[in-house]
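Trainee: Be aware that the sequence shown starts at 1, since it is given in full-length UniProt numbering, and climbs by one per residue. Even for Gly, the Cβ is constructed at its ideal location relative to N, Cα and C.
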Amino acid sequence: MLPPNFCRKWFRDSRSVLVLGDGNLSFSLAVAESEENIPITATVLDSESQFQSRYPNNPIPELLRQRKNVELMFSVDATALPQEWLGKFHCIVMNFPHPGGKTNLKKSRELASAIFHGVAQIMTPETEFYLALAQGQAGVQQCDDGELWTSTVPVHSKDSWQALYLAAEEGLLLTDVCFFPAGAFAGYSSSGYKSTSKGFNNSKGAQRLLFKKSPVLKTLPEVAALNRENEGFHQLRPYFRHDLSFLFSEDIEE
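#1: Do three or more CB pairs link the stretch 58 to 72 to the stretch 106 to 113 at distances below 8 Å?
#2: Give the list of continuous alpha helix (DSSP H) stretches no shorter than 4 residues that lie fully inside the stretch 24 to 60.
#3: When DSSP labels each residue in this structure, what does L105 get in the three-state scheme?
#4: Would you tell me roughly how many angstroms separate the C-alpha atoms of W85 and V76, rounded to the nearest one?
#5: Taking DSSP as the reference, what is the three-state secondary structure of K88?
#6: V70 to E169, Cα distance in whole Å?
#7: Could you tell me the boundaries of the alpha helix (DSSP H) in which E170 lies?
#8: Which residues mark the beginning and the end of the alpha helix (DSSP H) in which L220 is found?
#9: Quick check on D46: buried or exposed, where buried means 16 or more other Cβ atoms within 10 Å of its Cβ?
#10: Between Q121 and the rest of its own chain, which residues show a CB-CB distance below 8 Å, the 5 nearest in sequence each way excluded?
#11: Mind the definition here: the stretch 146 to 160 touches the stretch 179 to 193 only if three or more C-beta pairs lie below 8 Å; say whether that holds.
#12: Per the DSSP calculation, C7 is bridged to which residue(s)?
#13: Taking three-plus beta-carbon pairs below 8 Å as touching, is the stretch 122 to 139 in contact with the stretch 240 to 247?
#14: Between the C-alpha atoms of N95 and T152, what's the straight-line distance to the nearest angstrom?
#15: For D176, which residues does DSSP report across the bridge?
#16: Quick check on the burial criterion: 16 or more other C-beta atoms within 10 angstroms. Buried or exposed for Q50?
#17: Taking the alpha-carbon positions, what's the P125 to N104 distance?
#18: With distances taken from CA atoms, which of P61, I92, I38 and S214 is nearest L173?
#19: Considering only their Cβ atoms, is the gap separating I92 from F129 smaller than 9 Å?
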């Protein structure tokens, strides 16, 4: 059962939306038709000629150009976004990025890292970045009971893209994970599998991850000043285990 009005609930408070790497542009069209009063910038990595070759007779570009709330742009690389876009978009969305070719975990992580770096350059603390990944790719599960804090260190799958760890390196924190019902968007179909018009197999489901920008803490006093309302471990935060050694001088007083 798909959540009713999922698209409208998602973008209910959005002031502007940037859709990155939208393959055949069907997601942008679905959002534009649902949210007629929200400015939407729809982008693809392909040039216009490459797009026409990959998706011959695709009517969506013309349909988007007919909509007053949509700006359509080709040749937009999510890993190298224009600096003048800093703070321009309230919501940034990217669904199912793929490095092309045969599935490769190393290349997938490199792509995800580059995307987080590119997106972080145009985000402000108010920006929301939504990333859709197939179930299991992110390495983290949604909290079905709604409880984000636990008494034990969360287990994040290492055999994954490790999205929350890569994002944290760019100052982005994972703040929410939920089920992504692609079928809730009328006419939307993913594409780009192995750099073709073929869609992705999401029979196991997909996740929508929400990232927000966080200030980087560089000193211990900054860490100590954090106001932690809960004890324990946040399930959506990266954790590291390190061995520590302590050296004492011989004349240390007991």
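Mentor: Concretely, from the data shown:
#1: no
#2: 26 to 34 and 48 to 54
#3: helix
#4: 12 Å
#5: coil
#6: 32 Å
#7: Segment: none, E170 is in no alpha helix (DSSP H) and carries neither H nor E.
#8: L220 to A224
#9: buried
#10: L81, Q83 and L86
#11: no
#12: DSSP lists no partner for C7.
#13: no
#14: 31 Å
#15: L210
#16: exposed
#17: 32 Å
#18: S214
#19: yes
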